[in-house]
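Engineer:
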Amino acid sequence: MRVLSAIFALGLTAINVATHYIGLELVPIEFARILRYHVANLSGPPIITIVVNLFVLLIGIGIWFRLKWPWLFVGTLISLIGNAMPSDVIGTLAGSFSELVMAISLLLTEERTQFFLVTQVETAFLSSDKKTLPPQIERLY
Numbered sequence: 003m004r005v006l007s008a009i010f011a012l013g014l015t016a017i018n019v020a021t022h023y024i025g026l027e028l029v030p031i032e033f034a035r036i037l038r039y040h041v042a043n044l045s046g047p048p049i050i051t052i053v054v055n056l057f058v059l060l061i062g063i064g065i066w067f068r069l070k071w072p073w074l075f076v077g078t079l080i081s082l083i084g085n086a087m088p089s090d091v092i093g094t095l096a097g098s099f100s101e102l103v104m105a106i107s108l109l110l111t112e113e114r115t116q117f118f119l120v121t122q123v124e125t126a127f128l129s130s131d132k133k134t135l136p137p138q139i140e141r142l143y
């Protein structure tokens, strides 16, 4: 599964480089009285961002059902909606704030899953029964 994930990540990286960086042309624009450079030949939506958000959204659904923890799903959904808003109309604040919400939900979910796994290990040690351990933890013993 890890090899498949690595191949998938490398494939997404290759697609991103091929579509966004080869033949890149930047043009100067002014946004909120600040000089910025914008891609002149931008073609289509940010596919990599959408794919990664959808992937994390699916992981969030799984964590929601297994651990009763909906916050990764909620944070990723907010990020997906915030990044879908056109920055040339409403600015970049919505997208940046939605990314912050997703980062916080990732951190809180990591903390929650670590707590969940530690609780399962402590319960198994107290009961001295390896059958109560999930398979991924049982490999550690």
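The sequence shown begins at 3 in the numbering used here and counts up one residue at a time.
The beta-carbon is built from N, C-alpha and C at its ideal position, and this holds for glycine as well.
Just so we're clear, the structure is a prediction, and the values are computed from it rather than from any experiment.
(1) Following the continuous alpha helix (DSSP H) through Ile-9, name the residue where it begins and the one where it ends.
(2) Below 7 angstroms CB to CB, which residues in the same chain sit around Trp-71 once its five sequence neighbours on both sides are set aside?
(3) Quick one: what's got a C-beta closer than 6 angstroms to Asn-1's C-beta in the same chain, skipping five residues either side?
(4) Is the Cβ-Cβ distance between Met-87 and Val-58 less than 9 angstroms?
(5) Using the C-alpha atoms, what's the distance from Gly-97 back to Leu-79?
(6) Can the beta-carbon of Asn-18 be found closer than 9 angstroms to that of Ile-49?
Structural biologist: A quick look at the data gives this:
(1) Stepping through the sequence shown from its first residue, residue 9 is reached at position 7. Residues 4 to 22.
(2) Looking up residue 71 in the sequence shown gives position 69. Closer than 7 angstroms at Cβ, skipping near neighbours: Ile-65, Thr-111 and Arg-114.
(3) Because residue 1 is not part of the residues shown, which for the chain are 3 to 143, the question remains open.
(4) The count along the sequence shown starts at 1 and reaches residue 87 at position 85. The count along the sequence shown starts at 1 and reaches residue 58 at position 56. Taking 9 angstroms as the Cβ cut-off, Met-87 and Val-58 do not qualify as a contacting pair.
(5) Position 77 of the sequence shown, counted from the first residue, corresponds to residue 79. Position 95 of the sequence shown, counted from the first residue, corresponds to residue 97. Across the structure, Leu-79 and Gly-97 are spaced so that their CA atoms are roughly 12 angstroms apart.
(6) For the purposes of this step, residue 18 is identified with residue 16 of the sequence shown, where counting begins at 1. For the purposes of this step, residue 49 is identified with residue 47 of the sequence shown, where counting begins at 1. Remark: C-beta atoms of Asn-18 and Ile-49 approach each other more closely than 9 angstroms.
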